[in-house]
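This report concerns only the one structure given below.
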Amino acid sequence: MCYAIGIAAGLISAILARGTILRGKSRPMALELPRYQMPSVLGATKQAIGRGWLFMRKAGTVILAISVVLWWLGAYPGSESSPVAEGLREQAAVVAEAQPDDAEALLAQADAEDTKYAARRTFLGRIGATAQPVFAPMGADRQLTVGILASFAAREVFVSTMAVQIAGTDDTEDEGVLAAVSGATRDDGSLVFTSATSWAMLVFFVLAIQCLPTLVVTAKEAGGWKWAGLQFAWMSSFAYIAATLVYQVLSRVL
């Protein structure tokens, strides 16, 4: 299904580009291939090291800088302990002597509440809360919006970002954490991941360009940020429109 969606999106994009920004006659491409031969280990090693160093020098610095900014947005400013966590710690203090296991569980729950409380008050959490109305047509609440924004650096961080917001930990290998994420609720008590929302998120993640290194490399190869910006704008817009259509249709029929 994901491959079919991607192929269809690629064909649509190619047709639209051919009729707009890439008008004109097609040019025949002639490519002379070198004679096939067994590569040497030394040559392959030199090529790998050279290309790796070139990537680190040209794209790595930009990726590192943007990654640091995104990390800072997701970590600051710090916040005080949440009122809920303070209440749990008080309960733990009361039962500590009689029920040490229960007290330990309450303290762990308090730490998780503090993590979720701090995540909502970071700059990224505040940006997500502000931007939530923009993503609402595709079924995203505040928590999903923060996850989507964080995933533009790399889509792999979506699950851990959701886990921090919902379960207070980024341990995505814990089955309890994954169950908490899948059963998360919105502020009105409804499920975050309904069938309509899940399909919309799937379509969005298939089509959106959520890979910072790809954009940086595109800019370097194209000699500027024009094509990288166009790539990001088109793919993000396409993904947003497609995900919105999927959510609006499925939320009415499911």
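For the sequence shown, this note's numbering assigns the number 93 to the initial residue and increments by one for each residue that follows. We put the CB at the ideal spot given by N, CA and C, even for glycine.
- Going by C-alpha positions, Ile104 is about 18 Å away from Ser118.
- With a cutoff of 9 Å on beta-carbon distance, Leu241 and Leu216 are scored as near each other.
- About 5 Å separates the beta carbon of Lys312 from that of Lys150, a gap short enough to meet the 8 Å contact definition.
- In terms of Cβ geometry, Leu299 and Ile97 form a close pair [threshold 9 Å].
- Boundaries cannot be given for Thr112, as no alpha helix (DSSP H) includes it and DSSP labels it neither H nor E.
- Ranked by Cα distance from Gly170, the options Gln201, Gly268, Phe227 and Arg218 are led by Arg218.
- Note: Thr277 is bridge-paired with Leu283 in the DSSP secondary-structure output.
- The C-beta separation of Tyr168 from Thr137 comes to about 42 Å, leaving the pair out of contact by the 8 Å criterion.
- Shown here for Val256: same chain residues with a beta carbon closer than 8 Å to its own, the five before and five after excluded, namely Thr207, Lys208, Ala211 and Asp262 in chain order.
- Under the DSSP assignment, Leu165 falls in the alpha helix (DSSP H) whose first and last residues are Thr153 to Ala167.
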